[in-house]
Amino acid sequence: MLPTWLTEEYLQPRLRAYCKDEQLRILKIWSKAATGKGENFVGIMTRIHVDFQLGDGSVQNRTFIVKQALPTDVPQAEVFFEYDLYTREMDMYEFVLPKMKELLEEAGLEGKLTADAIAVDREHSTMILEDLAPYKYVNADRVKLLDLAHTKLTLEMLAKFHAASIILKQRHPELLTKCFSTHFFSRDKKAYSEVYLGMFRAFLKFINGHPNLKKSYADKLEKLRTHIMEYGARVYDVADGELQTLNHGDCWTTNIMFQYDNEGIPRTVVAIDFQFSNCTSPAIDLHYFFTTSLREEVQNKEPELVEHHYNALRANLEKFSYKGLFPSLQEYKLQFERRRFMSLLAHLFKPVMIYNGSEETSDFSSLYKETTEGLRFQKSVYESEVVLRSATKLLEILDSKGLLDLQ
Numbered sequence: 000m001l002p003t004w005l006t007e008e009y010l011q012p013r014l015r016a017y018c019k020d021e022q023l024r025i026l027k028i029w030s031k032a033a034t035g036k037g038e039n040f041v042g043i044m045t046r047i048h049v050d051f052q053l054g055d056g057s058v059q060n061r062t063f064i065v066k067q068a069l070p071t072d073v074p075q076a077e078v079f080f081e082y083d084l085y086t087r088e089m090d091m092y093e094f095v096l097p098k099m100k101e102l103l104e105e106a107g108l109e110g111k112l113t114a115d116a117i118a119v120d121r122e123h124s125t126m127i128l129e130d131l132a133p134y135k136y137v138n139a140d141r142v143k144l145l146d147l148a149h150t151k152l153t154l155e156m157l158a159k160f161h162a163a164s165i166i167l168k169q170r171h172p173e174l175l176t177k178c179f180s181t182h183f184f185s186r187d188k189k190a191y192s193e194v195y196l197g198m199f200r201a202f203l204k205f206i207n208g209h210p211n212l213k214k215s216y217a218d219k220l221e222k223l224r225t226h227i228m229e230y231g232a233r234v235y236d237v238a239d240g241e242l243q244t245l246n247h248g249d250c251w252t253t254n255i256m257f258q259y260d261n262e263g264i265p266r267t268v269v270a271i272d273f274q275f276s277n278c279t280s281p282a283i284d285l286h287y288f289f290t291t292s293l294r295e296e297v298q299n300k301e302p303e304l305v306e307h308h309y310n311a312l313r314a315n316l317e318k319f320s321y322k323g324l325f326p327s328l329q330e331y332k333l334q335f336e337r338r339r340f341m342s343l344l345a346h347l348f349k350p351v352m353i354y355n356g357s358e359e360t361s362d363f364s365s366l367y368k369e370t371t372e373g374l375r376f377q378k379s380v381y382e383s384e385v386v387l388r389s390a391t392k393l394l395e396i397l398d399s400k401g402l403l404d405l406q
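Under numbering that gives the first Met the number 0, the sequence shown has 293 at position 294, and the numbering climbs by one with no breaks.
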């Protein structure tokens, strides 16, 4: 359904400004839901179709994505408002991303970074964005996960994003307002501790249901349980001398879209959904992406992938003639290693991200609350051989590095 305020009169001046055509006239608007049930917990997405006539008399039909904040009476909305998610994404689309695009073009770094914003409306907590579907951008299969070609392309996109943000912070620090220092584990916020502790409880149930995992890890994980929010906060802390960038903050398969050539090989990639963008180590984006989105054989190439991102980031900064702080490869790998606990925290979301079963939910709280629906959904998402294999390998790595012991 179209919001009642989204009329021809509302959209026409905004579309005129975007198309740079003062004679443009909207003829008709209609809509369809842009995502299926359970695909987007954070907002309401609608695809609108617009027929309009340009100043030269030609008629066009284009589609746009309308992204609205959840109504305040939806239970999870409270969580998202506490963390400034809607303000932050509107700031990203209105101020930060256009400036980053400008900086990248200035440095000769071509290619689309994300969808353009046609309008950012703070009164209605709504954005109208370019629809990427007509450009043949599509999501890769979140269940099958990403192969090496998709992964390297995504790392190159992140390296462009991270490089542009370093230059942005130097030249326009005022754009990175207070909300960009907020993240899931911010010590002055509360709501996400219920989310993570609830998801960790579901993870512990899963561990206790597998005798080998229970024997090896249950006691350690139980002791860790009350510390995960503080350990998460430490992962986001950036020490003097460490690299800091603006991160995408939620880089996984559904928030990345690819264009393919005729052979089905991915050629270009863009990011979408910037509610969780924040200033921290770029290693956070890497751990989150590697844990949630890569096939097992690609995850095994982790050292090569970290190096691939590092080299692309350094090459991009050279195009800006950047003279600031930049680590050696060895130091960058250490900065990545210092944040490995992030892989456990990201893994708590993985079962639902790759879930392909019949148990549906459109309620975010089903991921972490012990309601009847929540417990049923959590049990269902953990009934997966892929999750079992993935968790077993992850815990083995973390345990070998002493990261399951109290710090």
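Backbone N, C-alpha and C define an ideal beta-carbon position, used for all residues, glycine too.
Small disclaimer: the values here were computed from a predicted structure and weren't measured.
Bridge-paired residues (DSSP) for residue i
i	result
residue 31	46
residue 245	278
residue 165	Answer is none; residue 165 lacks a bridge partner.
residue 219	Beta-bridge pairing links residue 219 to no other residue.
residue 259	265
residue 285	Residue 285 pairs with nothing; no bridge assigned.
Within 7 angstroms, strictly: CB atoms of residue i and residue j
i	j	result
residue 393	residue 346	yes
residue 199	residue 224	yes
residue 365	residue 376	yes
residue 89	residue 119	yes
residue 159	residue 315	yes
residue 178	residue 83	yes
residue 270	residue 113	yes
residue 246	residue 267	no
residue 258	residue 135	yes
residue 64	residue 46	yes
residue 326	residue 242	yes
residue 75	residue 363	yes
residue 115	residue 104	no
residue 30	residue 85	no
residue 10	residue 53	no
residue 157	residue 284	yes
residue 318	residue 163	no
residue 402	residue 340	yes
N-terminal and C-terminal residue of the alpha helix (DSSP H) that residue i is part of
i	result
residue 467	Only positions 0 to 406 of the chain appear in the structure, and residue 467 is not among them; the question remains open.
residue 129	Unbroken run through residue 129 is the beta strand (DSSP E), 125 to 129; no alpha helix (DSSP H).
residue 230	227 to 235
residue 396	384 to 399
residue 310	301 to 318
residue 67	Unbroken run through residue 67 is the beta strand (DSSP E), 58 to 68; no alpha helix (DSSP H).
residue 72	From DSSP, residue 72 is part of no alpha helix (DSSP H); its letter is neither H nor E.
residue 324	Counting along the chain, residue 324 falls outside any alpha helix (DSSP H), and DSSP gives it neither H nor E.
residue 105	96 to 105
residue 370	Looking at the DSSP string, residue 370 is not in any alpha helix (DSSP H), and its letter there is neither H nor E.
residue 199	190 to 207
residue 295	295 to 298
Delimiting residues of the beta strand (DSSP E) encompassing residue i
i	result
residue 348	It is not in any beta strand (DSSP E) - residue 348 carries neither H nor E in the DSSP assignment.
Counted within 10 angstroms of its Cβ, other Cβ atoms place residue i as buried (16 or more) or exposed
i	result
residue 302	exposed
residue 38	Confidence at residue 38 is low in this model, with a pLDDT of 48, below 50, so the placement of that residue should be treated as unreliable; the coordinate-derived value is given next. Exposed, because fewer than 16 other Cβ atoms sit within 10 Å of the Cβ of residue 38.
residue 4	exposed
residue 277	buried
residue 149	buried
residue 211	exposed
residue 329	exposed
residue 342	buried
residue 226	exposed
residue 336	exposed
residue 0	exposed
residue 231	buried
residue 87	buried
residue 193	exposed
residue 406	exposed
7 angstroms Cβ cutoff, residue i in contact with chain C
i	result
residue 315	In the structure shown, chain C cannot be found, because there is only a single protein chain.
Where residue i falls: helix, strand or coil (DSSP)
i	result
residue 116	strand
residue 341	helix
residue 138	coil
residue 269	strand
residue 22	coil
residue 224	helix
residue 331	helix
residue 51	strand
residue 144	coil
residue 174	helix
residue 154	helix
residue 405	coil
residue 84	helix
residue 1	coil
residue 363	helix
residue 357	coil
residue 78	helix
residue 184	coil
residue 41	coil
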